[in-house]
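Asker: Sequence order for the protein chains is H and W. Residue numbers for the first sequence follow our numbering, beginning at 1 and rising by one. Residue numbers for the second sequence follow our numbering, beginning at 1 and rising by one. Quick one: structure below, then a few questions.
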Amino acid sequence: MSIKDILTPFTAWKRVAKEPVTVRDPFNDRPGADRYRGFHKNDVDKCIGCGTCEAICENEAIDLVPFKDPVSGDSGLRPRVDYGRCCWCALCVDVCTTNSLSLSNEYKWIATDPEEFRFTPGIEEKAWDKNEKGWKKPEGNYEFYNLERVSMEHLHPEERNDSFIEMVKGFSKEQAILEADRCVECGICTATCPAHMGIPEYIKAIRNDDMEEGMRILYETNPLPEICGRICTHKCETVCSIGHKGDPLSIRWLKRYIADQIPEDKYKEILNTNNLEVNDKKVAIIGAGPSGLSAAHYLRLMGYQVTIFEQYEKAGGMMRYGIPEYRLPYDQIDKDINYILSLGVEIKYNTRIGKDITLDQLGKDFDAVFAGTGLHLGRGTGIEGSDNQHVYYSTDMLRKITSGEEIEVADSIVVIGGGNVAMDITRSLARLQMQKFDKVNIITTSLETEENMPADREEVVESREEGATVYPGWAPQSIEIKDGIPQGLHVVKCNSLFDETGRFNPQCEMDVKNYYPGHMIVQSIGQGIDISYISEEFKENIKFGPRGRVETDEYFQTGVKWFFMGGDIIQGPDVIHGIANGHKAAVGIDRYLRESDFPNN
Amino acid sequence: MDIKKIFQINNDRSSYPEIGEDGKPIIDLSSHKYVKIWQGPQHPGVTGNMALELTLSGDEIVESKTHVGYLHRGFEKLMERRKFIQCFPTCVRLCVAEPDPNEYLLATCVEELSGIEVPETAQWLRMLVLEMSRLQVLLRGVPGQAGTFALGLGYQWGSYIRDLILDRFEELTGGRVYHMYILPGGVRGLLPDGFKKRLEENLKLADEFVKNINDLMFNNIVFKKRAKGLGYIPKDYIDRYGVYGPAARAAGVMRDIRKTHPYLKYAELDFEPYTTTESDVYARSVVRWHDLKMTIDLIRQIMAKMPEKGEIKAPTPNVMHWRIPKGETYVKCESSRGEYGMYMVTDGSDTPRRVNLKGPSYTHANALLEKLLINANIADTAGIMVSLATCPPEIER
């Protein structure tokens with residue numbers, strides 16, 4: 001102890017002369033830091049209402065509330081934040097799939113009513129909505145889920161350009177689980193899928209490596225998983241919430257992965273369909289395409305006696321006769337169809353309604369009839385020279401390739417069309433040319449410009465990889481014919497297809513011309529409805545809408561109570577709409593047949 | 001009852017309480033020689049919400065018992081029902097004064113169990129945040145010791161600089177108290193522009209504070225009189241009662257996880273924790289004062305050595321359903337109070353099976369404090385408690 005110990009503490013007095021460091025609040029307004037986690041902001045136009053913020057909130061402070069009518073890719077809901085629960089951790093911001101949610105740097109909010117502190121950012125206007133500062137998702141490689149797809153392995157162009165072997169190899173288990181891990185289970189895909197498949201649920205089954213559960217989920221809404229897993233138009237992937245920042249999930253390939261894992265002989269056991277009940281009602285299905293098979297499957301599960309009438313010698317419709325084998329191998333079609341037939345569905349091949357048996361007769365023999373006859377009529381361009389015998393329709397050619405019939409393959413070919421079917425015939429013919437001439441000389445031309453082509457992007461890219469030349473944005477004018485053999489196609493530049501009202505009205509520059517040489521021309525500009533099996537008296541009883549399509553109610557029931565129609569002739573054209581229609585029609589037929597049991601109810 | 005006997009004052013209390021045959025003191029409250037009082041659970045001299053049940057003879061404590069349970073929020077249990085990413089805003093609340101070690105431990109547990117390597121920049125940033133956190137605790141903790149002996153001036157000085165450090169936290173992490181910055185996989189942001197310069201300005205003030213507090217506390221006859229010889233922890237208590245950190249180092253036992261089991265990038269830093277042997281309140285104060293100096297130096301070293309740019313987060317599985325294989329781990333770090341550890345068990349699901357937090361307060365405030373208070377003066381209880389740096393929220397997870 002020293003005198004120093006007594007005196008030194010008094011040095012604190014020197015601070016008396018210093019300015020005070022305290023600030024007077026609320027007279028001094030102190031803005032939060034640039035990264036401050038203050039009150040929520042939401043860009044409601046960017047937000048899609050996926051609900052990932054709600055799912056990650058550990059305090060359950062976020063609820064999704066209706067904002068507008070749901071549309072494809074937007075649930076119409078927006079997050080509402082309860083500031084009695086929020087802890088401002090900003091996980092909701094970091095996980096947001098669209099980057100629409102952020103926090104402002106505002107931290108003062110005074111109100112007397114506690115209810116006010118439950119608010120919907122972006123919809124209820126707040127003073128901090130225009131605040132640029134505040135917490136945003138950190139920049140750089142900071143993601144809560146993987147934005148990049150697990151790449152799918154394809155056959156190399158040199159391996160595939162002369163064979164019809166399936167070109168997409170499919171996921172391995174590791175790849176599938178990795179890809180399934182990217183899902184945030186928002187369900188936007190389910191809402192968009194025409195069949196409303198339980199997509200997040202079966203993706204979860206993949207993560208759990210529970211293929212049997214996955215299979216059961218698939219069959220709840222889709223009895224053709226092997227087929228859909230290969231050639232579905234995957235509207236789900238277009239709206240996938242992960243796709244806003246990165247690559248959408250490969251939902252189609254994941255579906256295929258599940259179906260590929262289950263051998264055919266296990267189906268009945270897994271799906272518990274070994275002993276289905278049979279009732280005394282009979283239903284006829286016209287056409288064994290996706291909608292017909294789907295309707296047959298679900299009707300059979302409900303206990304009805306189902307008979308399918310198919311005009312060709314094999315089932316599958318456009319899936320078999322319209323889609324080339326390299327995209328959809330026949331054994332996979334058979335796997336799906338064999339299971340449906342094994343449930344006790346009867347099928348009559350080579351039977352054409354209107355020719356072998358009339359529709360009226362079917363109506364008498366069966367309690368209800370479903371027609372899913374599809375679009376099998378090729379549409380022609382009608383240009384000069386298109387009546388030549390070396391000018392073909394793509395639908396006919398694809399069917400002949402499938403049936404194994406001999407078709408003409410010229411050394412140089414021109415295909416007219418820009419849709420997926422045009423790409424199918426282009427690539428099929430390219431393979432046949434490769435087999436026959438060991439080189440590809442095929443030109444595909446479409447009215448639509450490159451960015452507006454209706455075909456899937458990868459189809460166009462892969463066509464080019466396989467040696468085809470694709471020239472988008474040209475309108476066919478005439479086919480030059482010499483000695484009865486086409487010499488080539490004259491085209492002019494086409495700038496736009498539709499006018500302001502959305503009507504089909506191509507605008508061409510007639511003086512910008514081009515000429516594609518080819519000894520064989522294939523037209524692939526769409527397909528037409530063939531309902532010649534419906535007699536004229538019958539037609540009077542069913543309603544027709546615009547463009548000659550049959551009008552049905554939501555259960556695909558026509559004006560004739562026992563007659564239902566669905567598939568490409570009503571909606572689409574694609575497989576998943578057909579499957580969805582068939583399922584809904586099955587429910588409709590069930591309702592109709594139950595009601596006819598109790599006519600007074 | 002003999003009235004005379006009650007008012008009879010006997011200044012010699014050395015014979016109280018009498019020790020019984022079983023070696024335990026015989027305390028008969030009805031004898032009116034003893035008073036039982038409760039310090040807490042709401043008391044300015046108790047660091048948080050816990051209670052001390054004290055039996056006094058005069059102003060001398062003859063028996064003490066600690067009671068906890070006033071603050072139980074069940075965070076460990078809550079975490080068992082939360083996804084791994086959701087645990088991190090929960091676990092920061094385990095200790096209000098120093099939340100960052102909680103974040104670090106949770107993140108490290110999750111990373112260890114799922115085999116994730118944290119990027120280097122993120123490791124340096126984590127270390128910076130942990131040291132800044134220690135700094136803001138010690139800026140109040142060191143002068144807080146004098147505060148328990150009614151010298152509140154230094155605490156006010158420290159609070160000012162602590163507020164400036166919280167400003168830096170706000171800039172870097174977006175939050176002042178709950179930073180929620182260290183998350184499984186990495187951290188949530190790089191240093192903002194000009195951050196180092198502003199932090200250095202604050203550190204200069206802290207340097208000055210270190211000097212001033214030396215004059216105010218350690219060359220102060222009142223503080224010396226009160227603190228020296230108070231709350232002595234014998235060396236054999238260190239292991240028996242689980243004494244960690246500054247309290248152990250004041251007893252001459254080198255316990256600093258940063259040095260003994262270096263984590264993050266501590267091995268690349270140059271520092272030597274201070275130890276002494278007096279083991280009383282004064283010695284513990286001095287050790288923490290040296291810790292404060294060392295922390296300022298460490299922050300400077302980190303800022304000089306850390307990379308400016310780089311990855312801040314390792315890729316993780318999708319956090320919405322992050323599953324961790326079956327396993328268990330114990331990770332530890334050095335908090336301002338001593339060894340701070342987390343034990344986590346996972347069972348392959350997307351939530352932890354069990355999380356257990358082990359902090360020094362559990363042993364310091366529960367078992368050790370009861371012993372140290374015997375024979376101390378009632379006015380010194382707060383001094384002893386603060387010198388152990390107990391934090392009741394950390395006892396009741």
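Heads up, the beta-carbon is just placed ideally off N, CA and C, and yes, glycines get one too.
Please tell me whether W:Glu-370 and W:Thr-66 are closer than 8 Å, where the distance is taken between their beta carbons.
Answerer: Yes, they are a contact pair.
Asker: Hey, out of W:Lys-305, W:Val-62 and W:Gln-145, whose CA is closest to W:Ala-382's CA?
Answerer: Of W:Lys-305, W:Val-62 and W:Gln-145, the residue nearest in Cα terms is W:Gln-145.
Asker: By the 10 Å Cβ neighbour count, where 16 or more other Cβ atoms means buried, how is W:Gln-156 classified, buried or exposed?
Answerer: W:Gln-156 should be labelled exposed.
Asker: In this structure, how does DSSP classify H:Asn-601 when only helix, strand and coil are distinguished?
Answerer: At H:Asn-601 the pLDDT is 48, less than 50, meaning the model places this residue with poor confidence; the figure from the coordinates comes in the next sentence. Reduced to three states, the DSSP call for H:Asn-601 is coil.
Asker: Got a sec? Which residues, its chain only, sit under 6 Å from W:Leu-125 by beta carbon, not counting five neighbours each side?
Answerer: Contacts found: Val-187.
Asker: How many angstroms separate the CA atom of H:Thr-307 from the CA atom of H:Ile-323?
Answerer: Spanning the two alpha carbons is a distance of roughly 25 Å.
Asker: Excluding the 5 residues flanking W:Glu-117 on each side, which residues of the same chain have their C-beta closer than 7 Å to its C-beta?
Answerer: Hits under 7 Å: Ala-314.
Asker: Say whether chain H places a C-beta atom closer than 8 Å to the C-beta of W:Val-355.
Answerer: No, W:Val-355 lies away from the interface with chain H (no Cβ there is under 8 Å from its Cβ).
Asker: Would DSSP call W:Gly-413 helix, strand or coil?
Answerer: Lying before the first or after the last residue shown, residue 413 of chain W is absent from chain W, which here runs from 1 to 397.
Asker: Label W:Lys-358 either buried or exposed according to how many other C-beta atoms from any shown protein chain fall within 10 Å of its C-beta, with 16 as the threshold for buried.
Answerer: Flag for W:Lys-358 reads buried.
Asker: Looking only at its own chain, which residues have a Cβ that is under 6 Å from the Cβ of H:Glu-313, when we skip the five neighbours before and after it?
Answerer: If we look at H:Glu-313 and ignore the five residues flanking it on each side, its Cβ neighbours are Tyr-349 and Asn-350.
Asker: With H:Val-460 as the anchor, note down where its alpha helix (DSSP H) starts and where it stops.
Answerer: It spans 457–465 - the alpha helix (DSSP H) in which H:Val-460 sits, taken as one unbroken run.
Asker: Taking W:Gln-301 as the reference, which of W:Glu-268, W:Lys-259 and W:Tyr-274 has the closest Cα?
Answerer: The shortest C-alpha separation from W:Gln-301 is found at W:Glu-268.
Asker: Could you round the C-beta distance between W:Val-405 and W:Thr-363 to whole angstroms and report it? I think they count as a contact, below 8 Å.
Answerer: Residue numbering for chain W in the displayed model covers 1 to 397; residue 405 of chain W lies beyond these limits and cannot be assessed.
Asker: Distance check for H:Leu-147 and W:Val-46, CA to CA, integer angstroms please.
Answerer: Answer to the nearest angstrom: the Cα atoms are 51 Å apart.
Asker: Could you say if the region 535–551 of chain H and the region 254–266 of chain H meet the contact criterion of at least three C-beta pairs nearer than 8 Å?
Answerer: Taking 8 Å as the limit for Cβ pairs, the verdict is that the region 254–266 of chain H does not touch the region 535–551 of chain H.
Asker: Which value, in whole angstroms, describes the spacing of the CA atoms of H:Ala-90 and W:Ala-122?
Answerer: Rounded to the nearest angstrom, the two C-alpha atoms are 19 Å apart.
Asker: Which whole-angstrom value describes the C-beta separation of W:Asp-100 and W:Leu-71, a residue pair presumed to lie in contact below a C-beta threshold of 8 Å?
Answerer: Rounded, the Cβ-Cβ distance is 20 Å, inconsistent with contact.
Asker: Quick one: which residues of the region 280–310 of chain W get their C-beta closer than 8 Å to a C-beta of chain H? List them in chain order.
Answerer: So the list is empty, because no residue satisfies the distance condition.
Asker: Helix or strand or just coil, what does DSSP make of H:Pro-114?
Answerer: DSSP places H:Pro-114 in helix when its eight states are reduced to three.
Asker: Going along the chain, which residues of its own chain have a beta-carbon closer than 6 Å to the beta-carbon of H:Asn-601, five neighbours each way excluded?
Answerer: With a pLDDT of 48 at H:Asn-601, under the threshold of 50, the modelled position of this residue cannot be trusted; read the value that follows with caution. None.
Asker: If contact means a Cβ-Cβ distance below 8 Å, which residues of the region 465–483 of chain H contact chain W?
Answerer: Cβ contacts with chain W: none found.
Asker: Figure out for me which residue from H:Glu-462, H:Glu-166, H:Asn-28 and H:Ala-368 has the closest Cα to the Cα of H:Asp-590.
Answerer: Among H:Glu-462, H:Glu-166, H:Asn-28 and H:Ala-368, the Cα nearest to that of H:Asp-590 is on H:Ala-368.
Asker: Need the endpoints of the beta strand (DSSP E) that H:Leu-489 sits in, please.
Answerer: First-last of the beta strand (DSSP E) with H:Leu-489: 485–498.
Asker: Suppose you measure from the CA of W:Gly-348 to the CA of H:Gln-557; what does that come to, to the nearest Å?
Answerer: Rounded to the nearest angstrom, the two C-alpha atoms are 50 Å apart.
Asker: I'd like to know whether the C-beta of H:Tyr-142 is nearer than 8 Å to at least one C-beta of chain W.
Answerer: With 8 Å as the cut-off, H:Tyr-142 counts as an interface residue toward chain W.
Asker: Leaving out the 5 sequence neighbours to the left and right, which residues in its chain are closer than 6 Å to H:Asn-505 when beta-carbon positions are compared?
Answerer: Asp-499.
Asker: For the region 88–113 of chain W, list every residue whose C-beta sits within 7 Å of some C-beta in chain H, in sequence order.
Answerer: Result list: Pro-89 and Thr-90.
Asker: Do you know how far the Cα of H:Glu-264 is from the Cα of H:Ile-286?
Answerer: Rounded to whole angstroms, H:Ile-286 to H:Glu-264 spans 26 Å at the Cα level.
Asker: Report the neighbours of W:Met-180 on chain H: residues whose CB is nearer than 7 Å to its CB, in chain order.
Answerer: Chain H residues near W:Met-180: Cys-89.
Asker: Specify, as a first and last residue, the run of the beta strand (DSSP E) that W:Arg-354 falls within.
Answerer: Segment 352–358, the beta strand (DSSP E) holding W:Arg-354.
Asker: Can you tell me the Cα-Cα spacing of H:Leu-224 and H:Ile-531, whole angstroms?
Answerer: Looking at the two C-alpha atoms, the distance is approximately 25 Å.
Asker: When the distance is taken between beta carbons, is H:Cys-92 closer than 8 Å to H:Ser-75?
Answerer: For H:Ser-75 and H:Cys-92, no; Cβs fall outside 8 Å.
Asker: If you reduce the DSSP assignment to three classes, tell me which class W:Gly-341 lands in.
Answerer: Of the three classes helix, strand and coil, the one that applies to W:Gly-341 here is strand, per DSSP.
Asker: Just the Cα atoms here: how many angstroms apart are H:Lys-136 and H:Asp-94?
Answerer: Approximately 7 Å, taken between the alpha carbons.
Asker: Determine the DSSP secondary structure at H:Cys-87, reduced to helix, strand or coil.
Answerer: In this structure, H:Cys-87 counts as coil in the three-state DSSP scheme.
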